[in-house]
Amino acid sequence: MNRWLVLLSMMLILVFLGLFLDEIGIILLCVPVFLPIINAFQFDPVWFGVLFLITAQMGYITPPFGYTLFYIKGVLPPDIGMGTVYRAIVPFLVLQLIALILFMLFPEIVTWLPEQLSQTVRS
Numbered sequence: 473m474n475r476w477l478v479l480l481s482m483m484l485i486l487v488f489l490g491l492f493l494d495e496i497g498i499i500l501l502c503v504p505v506f507l508p509i510i511n512a513f514q515f516d517p518v519w520f521g522v523l524f525l526i527t528a529q530m531g532y533i534t535p536p537f538g539y540t541l542f543y544i545k546g547v548l549p550p551d552i553g554m555g556t557v558y559r560a561i562v563p564f565l566v567l568q569l570i571a572l573i574l575f576m577l578f579p580e581i582v583t584w585l586p587e588q589l590s591q592t593v594r595s
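Pasting the structure below:
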């Protein structure tokens with residue numbers, strides 16, 4: 473199988489699970505399954521961890537069951553409905569999607585700082 477299709481499938485699974493589970497539940501459920509796959513396809517685990525957390529967060533704010541949406545609604549005035557909250561979350565989803573795509577296309581954005589720190593520690 474194409475390793476990029478497997479990675480995209482894992483990201484889609486995370487978004488789907490984010491509709492129904494919180495981030496901790498997603499981490500506990502998926503990391504033991506996904507990590508051996510990531511290692512087998514020789515992806516950088518730090519890079520995948522960043523992608524994993526961004527995607528889990530995207531699922532966490534995705535309608536209709538995103539937990540964060542209900543937290544936001546809880547602090548809003550009563551006259552503001554869930555429809556308004558759903559529309560208001562769109563820019564945040566778009567920004568996270570752009571970041572996710574950039575990090576997937578250019579892994580150096582994610583791995584540059586850890587590589588610099590590990591070189592500093594070795595010297």
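473 is the number of the first residue of the sequence shown in the working numbering; add one for each residue after it.
Ideal Cβ positions, reconstructed from N, Cα and C, are used throughout, including at glycine.
For residue i, the three-state DSSP class (helix, strand or coil)
i: residue 511; result: helix
i: residue 578; result: coil
i: residue 569; result: helix
i: residue 535; result: coil
i: residue 500; result: helix
i: residue 550; result: coil
i: residue 493; result: coil
Span of the alpha helix (DSSP H) around residue i
i: residue 483; result: 475–490
i: residue 526; result: 517–532
i: residue 541; result: 539–547
Within 7 Å, strictly: CB atoms of residue i and residue j
i: residue 530; j: residue 588; result: no
i: residue 582; j: residue 522; result: yes
i: residue 492; j: residue 537; result: yes
i: residue 533; j: residue 527; result: no
i: residue 509; j: residue 520; result: no
i: residue 586; j: residue 503; result: no
i: residue 559; j: residue 513; result: no
i: residue 489; j: residue 498; result: yes
Point to revise | the stretch 544–556 / the stretch 476–488 touching (three or more Cβ pairs under 8 Å) | key: By the Cβ test, the stretch 544–556 is not in contact with the stretch 476–488, since fewer than three Cβ pairs between them sit closer than 8 Å.
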